[in-house]
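Chains as they are written, first to last, in this note's numbering: chain G, -14 to 290; chain L, -14 to 290; chain E, 376 to 647; chain Z, 376 to 647.
Just so you know, even glycine gets a beta-carbon here, dropped at the ideal spot from N, CA and C.
These figures come from a predicted structure and were not determined experimentally.
Below is one structure; the comments refer to it alone.
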Amino acid sequence: MSVDTSVDLGGLRLRNPVLTASGTFGYGAEFAPFLDLRRLGGIVSKSLTLEPRSGNLPHRIAEAHAGMLNAIGLENVGVDAFIREKIPALAAEVVIVASVFGREIDEYAQACERLSESPRVAGLEVNASCPHVRSGGIEFGQNPQLLASLVRAVRRASAKPLLVKLSPNVTSIAEMAKVCEAEGADAISLINTLQALDVDLETRRPKLRNGLGGLSGPAILPVALRMVWQASRAVSIPVCGIGGIMTAEDAVKFLVCGATAVQVGTASYLNPAAAGEIADGMVDWASRRGVSRLADLIGTLQPWS
Amino acid sequence: MSVDTSVDLGGLRLRNPVLTASGTFGYGAEFAPFLDLRRLGGIVSKSLTLEPRSGNLPHRIAEAHAGMLNAIGLENVGVDAFIREKIPALAAEVVIVASVFGREIDEYAQACERLSESPRVAGLEVNASCPHVRSGGIEFGQNPQLLASLVRAVRRASAKPLLVKLSPNVTSIAEMAKVCEAEGADAISLINTLQALDVDLETRRPKLRNGLGGLSGPAILPVALRMVWQASRAVSIPVCGIGGIMTAEDAVKFLVCGATAVQVGTASYLNPAAAGEIADGMVDWASRRGVSRLADLIGTLQPWS
Amino acid sequence: MIRAPLRADASVLENEAMGAANRRLRLLVPGFEGFEPGQFAMLSPGAVGGALRFDPLLPRPMAIYRASSGSAGAEVEILYKVSGRGTALLAQARPGEQIRFVGPLGRPFPDLRSDRVALLVGGGTGVASLYELAVRGARLRAGAVRVLLGAKSARDLMGHADFSSLAVAVDVSTEDGSLGERGLVTEPLARWLADEPASDVYACGPTAMMRAAAALALRFGRRCFVSLENPMACGFGVCLGCAAPRRDGGFALVCRDGPVFDATIVDWERLA
Amino acid sequence: MIRAPLRADASVLENEAMGAANRRLRLLVPGFEGFEPGQFAMLSPGAVGGALRFDPLLPRPMAIYRASSGSAGAEVEILYKVSGRGTALLAQARPGEQIRFVGPLGRPFPDLRSDRVALLVGGGTGVASLYELAVRGARLRAGAVRVLLGAKSARDLMGHADFSSLAVAVDVSTEDGSLGERGLVTEPLARWLADEPASDVYACGPTAMMRAAAALALRFGRRCFVSLENPMACGFGVCLGCAAPRRDGGFALVCRDGPVFDATIVDWERLA
Ligand SMILES: Cc1cc2nc3c(=O)[nH]c(=O)nc-3n(C[C@H](O)[C@H](O)[C@H](O)COP(=O)(O)OP(=O)(O)OC[C@H]3O[C@@H](n4cnc5c(N)ncnc54)[C@H](O)[C@@H]3O)c2cc1C
Ligand SMILES: Cc1cc2nc3c(=O)[nH]c(=O)nc-3n(C[C@H](O)[C@H](O)[C@H](O)COP(=O)(O)OP(=O)(O)OC[C@H]3O[C@@H](n4cnc5c(N)ncnc54)[C@H](O)[C@@H]3O)c2cc1C
Ligand SMILES: Cc1cc2nc3c(=O)[nH]c(=O)nc-3n(C[C@H](O)[C@H](O)[C@H](O)COP(=O)(O)O)c2cc1C
Ligand SMILES: Cc1cc2nc3c(=O)[nH]c(=O)nc-3n(C[C@H](O)[C@H](O)[C@H](O)COP(=O)(O)O)c2cc1C
Ligand code: FES
Ligand code: FES
């Protein structure tokens, strides 16, 4: 049975609902030996800042049970090098979403503006999990007022499809989602990593040089599913589901809980072909069950009688 | 080398820092075939309500990667049966902490009052992760004002050592910890389970009858360590660390991050002797490293230079 | 006699494939002193092999199929079917490896009554819960038990040879007719209930089968005991995860109050 | 020639204990076409055995020790030491089982220079990264390489027999003196740097050893290449987890820009 895999993620027309998550897919070209990127719905770049930045000292990563911690820092090539060097390395058919962050709203807005000038940038994803310099480390995504100002500013800076990526480290994800919708975001991506800490008992220091880090991987999947479900019921803009997706079944669960598309993150480290295999696996899953459009799965979670 | 294992958890004098977590240890006597409860710092009962209650329909539990989901509902024997039937089954040397919850502040306060009358109840742990009836499902532990009222009321109701168990589903655990301290709590327990959801793809229903559930187990350990560290720096009352503890090393990590004691939860399902083995293992760990008092480990996380 | 459960590091003696996805696990369990028909143990497949890993996390309830005592401890036998992650891992356990064992757990089937014929109805892996009961029935007197085994097909059938070697009558039903009668095991049950007025039912298998068996027994006015299979986390009454709704409104814990229940106390409507 | 990496399901041919905690893993890797000295592969121990489980989650970087091509694909050999959860699981992989393989990865050691003696300094598991380099040196000319192997004690020493069977000089140091010279492998290195003015250093081992080797080379004004071992998640430059601080202020990715680096570009102070 042939399955229609296309979805519309806030104006991003995707050939299938599988994207790759920011920071886990480099700038795309690194995957060329393993995967034809044209098989994916799209790719999301490493989060980009206006100026290139180097990141934290090692250790930047550590393993956890069914997950990993990371605190990479802001390492990225910067907006200009991305446009100049990274985009041209990608085939024209690859849908590119540029992830953006900054330490001030203005930095975000300027980065979005510059990226919007590239015709190859199909959409923007604003990473709102970045600590705000003036608020003593609280993330943009943790304060509704800050978040509103941020979304308003980037919305003004770009007419491209605008995704806002939310922090899961909040009391009410629904509230944050509503803020984004009210300020004109086209879609919401969630979740980013759960703030976490682990200790090296030999040295009694945090395992990561940065102290705190973010937990990703299968460990966070049930938290991500919960938040996607809550957010998608709170707003009418689409939700892109992220968190611990390792298999096609995991991805289908996100659609069922209300996501229009998904992003594959940590899985690409374990298996560089994961995103492609998940996209194919979703088609298999659907066709075995007589589902003719993947979009028909969105938000179909059944209540218990 | 002999190791002094005693700790003082907000007025609870414990022979060692290992307690068992509410809802994972029944009422204690169930463990008699596997473990001498006198080897533990103490036990925390299943959360008790004023009246006995039966819980949710099945399914109440589901497995996750390195964790499990549960939504038991409020099932418990009630305060009176606990005092009448459950407490007498425990040897006099067992330190009993009664966990309490209610759907209204008044229920909490009355339950605390009744439990305080029992000389065998060494302390109370108020489970603030229970949805508040009048606030449309938001948990007491998710709203600072609600939490303050709750702690104030139970503080008035009992002079016993009072632990408040916090929900991790909040933006700022430090803020919640401060509220507890300000209202006279003697200690803080954290974390309760992370709110989560998983889907049975065959039926497209939530795996749990209740829909949402709580994630526990090793998957949440790095989140719990982070919150214990944040909370213990925010307040001067002691913190009891909970979340994914499976080994003595895990427990030591919690002490290093600022916990005065720990609670072993899900581990007791896998291995009914886990809490005892962890208590013994902490002594081994300390004595191999020349640590003469477990209390000396508390809050010793070293900064990276 | 219901013995207190123990927690032991069991060592794998044998873990052999039995056709289709069925396997037989033989364990050496130090300190194990016996069990009653219908009791089970919790086995932790995730911990096999030593390295600390917690995926899958929970132990799996498994009926104790058979046990015998030797010099180094008791041998405990489990029949299982590879159906998910837990059992797939169990299938990888090699002789000599350790596996955490907690048991015997739960309340057994009631003693067989000397004046009745016990109809033992087993479907799928549920067959494993009934073997010791059949053994005791065979010892009791000739004709005390009649065993009705069901499976999808002959290959899937569990424990058939063992049951057949007992001095009891064994009827087999397979859904595809590849062995015995074609159809569900509840069909011969209905006939035996009609033919044998002095009979009780002891059933273990998929919920649908037990529900049907219970309904049949009720219709014929016979006692029926079922062994429920709810998901479990602990197995000894502390997580409250395995609750089964009772007719009278409350819940019973399958691990502690069961797994064996008088079918009339179960609220079959609300059982998931 | 640096080949593009491939992702393959490798099958275990052999996984044998080599004394102490050391083991040798032989894999059949379909499509593998060769590697350069110092390159590595990512192996996923968690996935061995089939059942979906993610604890441990991350693949482990392992130096490619040796490879040869056969009819069914190339055979790839890994030497490893059981030191944590990942390697404990790797040790359980049985012949016939599949293991995810991504490689060859990273930049190799530079070609040996025809006018110099290459001093190959290996400590612990770092020895594995140097074997192919020694093979090539032996082919180059007599005396092109000298191998200095270090370990805690004779039992822990890796690959000694293989190195010794090459036409190269091999010096052994053990910390307890149970084989060769007693002491750290950097002691003979210092002597050889003094004795052999036309020499380069190629080092792989614990960070402290490489730091010492780099300092010695600098003191004697020799080139020194080190193969760093930072924790990795991906192995091909996308997680940015393996960054090593450079002297000039920025970072290099150990997996993509290394693992082999000219020792003078590494900021040894800030390397964790
Ligand atoms: C009292 C009792 C006795 C049992 N005896 C046997 C036996 O003798 N032989 C046998 O093969 N199986 C038996 N089971 C079922 C067994 O516990 C396994 O859960 C089942 O085989 C599923 O395999 P899995 O763990 O590979 O599935 P997974 O997919 O890995 O299981 C995921 C989770 O769901 C639970 N689960 C899945 N299926 C069942 C089920 N049918 N019943 C209860 N929980 C389930 C698991 O325990 C686990 O927590 C028994 C169950 C109970 C409650
Ligand atoms: C380029 C490179 C080549 C390597 N080659 C070999 C080899 O040929 N043989 C061998 O035995 N080992 C090698 N290692 C180390 C190997 O990757 C393992 O991480 C190490 O053996 C630890 O074992 P574990 O996974 O059992 O430890 P665990 O405690 O399970 O590891 C936990 C985490 O820390 C990381 N980690 C722990 N120790 C190291 C280490 N020394 N280097 C990097 N990451 C580490 C692991 O990769 C994992 O992510 C190499 C490392 C690198 C970077
Ligand atoms: C090493 C690493 C780096 C990451 N970098 C970024 C980033 O730059 N921007 C961002 O929005 N998210 C970043 N993330 C978060 C992921 O995009 C994703 O939201 C998260 O990992 C959860 O998905 P997963 O469990 O599938 O990995 C990073 C995650 C990891 C593991
Ligand atoms: C099945 C189950 C039931 C629980 N019931 C309660 C409860 O009644 N009251 C409470 O405060 N916490 C309850 N908890 C939460 C635990 O006490 C603990 O905070 C949480 O599980 C995290 O610890 P762990 O990862 O060690 O299990 C329950 C947890 C589980 C798994
Ligand atoms: S399985 Fe835990 S109470 Fe029954
Ligand atoms: S290991 Fe991922 S970038 Fe090097």
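Closest Cβ-Cβ distance between residue i and chain E: below 8 Å?
i                 : result
His117 of chain G : no
Ile9 of chain L   : The identity of residue 9 of chain L in the sequence shown is Thr, whereas the question assumes Ile. Answer yes: the Cβ-Cβ gap between Thr9 of chain L and chain E drops below 8 Å somewhere.
Just checking: is the beta-carbon of residue i within a distance shorter than 8 Å of some beta-carbon in chain G?
i                 : result
Asp623 of chain Z : no
Ser602 of chain Z : no
Asp430 of chain E : yes
Arg482 of chain Z : no
Pro434 of chain Z : yes
Under a three-way DSSP split, which group does residue i fall into?
i                 : result
Asp313 of chain G : Shown here, chain G extends from -14 to 290; a query on residue 313 of chain G therefore has no answer.
Gly27 of chain G  : strand
Ala590 of chain E : helix
Glu562 of chain Z : helix
Ala162 of chain L : helix
Gln180 of chain L : strand
According to the Cβ coordinates, are residue i and residue j closer than 8 Å?
i                   : j                 : result
Leu22 of chain L    : Ala76 of chain L  : yes
Val247 of chain L   : Ile222 of chain L : no
Val(-12) of chain L : Leu4 of chain L   : no
Lys192 of chain G   : Leu59 of chain G  : no
Pro431 of chain Z   : Glu48 of chain G  : yes
Phe636 of chain Z   : Tyr577 of chain Z : no
Arg598 of chain E   : Ala592 of chain E : yes
Glu15 of chain L    : Phe600 of chain E : no
Asn605 of chain E   : Pro257 of chain L : no
Drop a sphere of 10 angstroms on the beta-carbon of residue i, count the other beta-carbons inside from all chains shown, and report buried for 16 or more, exposed for fewer.
i                 : result
Pro116 of chain L : exposed
Thr188 of chain L : exposed
Asp575 of chain E : buried
Val161 of chain G : Position check: residue 161 of chain G holds Met in this sequence, whereas Val was assumed. Result: buried.
Pro288 of chain G : exposed
Just to make sure I have the definition right: I need the residues of chain Z whose C-beta is within less than 7 Å of the C-beta of residue i. Which are they?
i                 : result
Glu124 of chain G : The premise fails here: Glu124 of chain G is roughly 20 Å from chain Z at the closest Cβ pair, so nothing lies under 7 Å.
Met267 of chain G : Near Met267 of chain G there are no residues of chain Z at all, since even the closest Cβ is about 16 Å away, more than 7 Å.
Arg38 of chain G  : Chain Z residues near Arg38 of chain G: none, gap ~10 Å exceeds 7 Å.
Does any CB atom of chain L fall closer than 8 Å to the CB of residue i?
i                 : result
Leu464 of chain E : no
Ser386 of chain E : no
Arg598 of chain E : no
Phe648 of chain E : The displayed coordinates of chain E run from 376 to 647. Any statement about residue 648 of chain E would go beyond what the structure contains.
Arg278 of chain G : no
Which bits of chain E does residue i rub up against, with CB to CB less than 7 Å?
i                 : result
Ala426 of chain Z : Arg460, Ala463, Leu464
Does residue i have its Cβ less than 8 Å from a Cβ in chain Z?
i                : result
His50 of chain L : yes
Residues of chain E with CB closer than 8 Å to the CB of residue i, please, in chain order.
i                 : result
Ala47 of chain L  : Pro606
Gly199 of chain L : Chain E residues near Gly199 of chain L: none, gap ~12 Å exceeds 8 Å.
What residues of chain Z sit near residue i, judged by a beta carbon separation below 8 Å?
i                 : result
Ala258 of chain G : Arg382
Can you pull the chain G residues whose beta carbon is under 7 Å from the beta carbon of residue i, in chain order?
i                 : result
Arg557 of chain Z : Those do not exist, as Arg557 of chain Z stays about 26 Å from chain G at its closest Cβ, beyond 7 Å.
At a CB-CB cut-off below 8 Å, which residues of chain L make contact with residue i?
i                 : result
Gln180 of chain G : Val208, Arg211
Cys242 of chain G : Leu182, Val184
Starting from residue i, find everything on chain G with Cβ-Cβ shorter than 9 Å and list it in chain order.
i                 : result
Val237 of chain L : Val184, Leu186
For a contact meaning CB atoms closer than 8 Å, what does residue i contact in chain G?
i                 : result
Cys225 of chain L : Per Cβ cutoff of 8 Å: no residues; Cys225 of chain L is ~17 Å from chain G at best.
Given that residue i touches chain L, what residues does it touch there, using C-beta distances under 9 Å?
i                 : result
Gly612 of chain E : Gly11, Glu15
What residues of chain Z sit near residue i, judged by a beta carbon separation below 9 Å?
i                 : result
Leu132 of chain G : Those within 9 Å of Leu132 of chain G in chain Z number zero; the least Cβ separation is about 26 Å.
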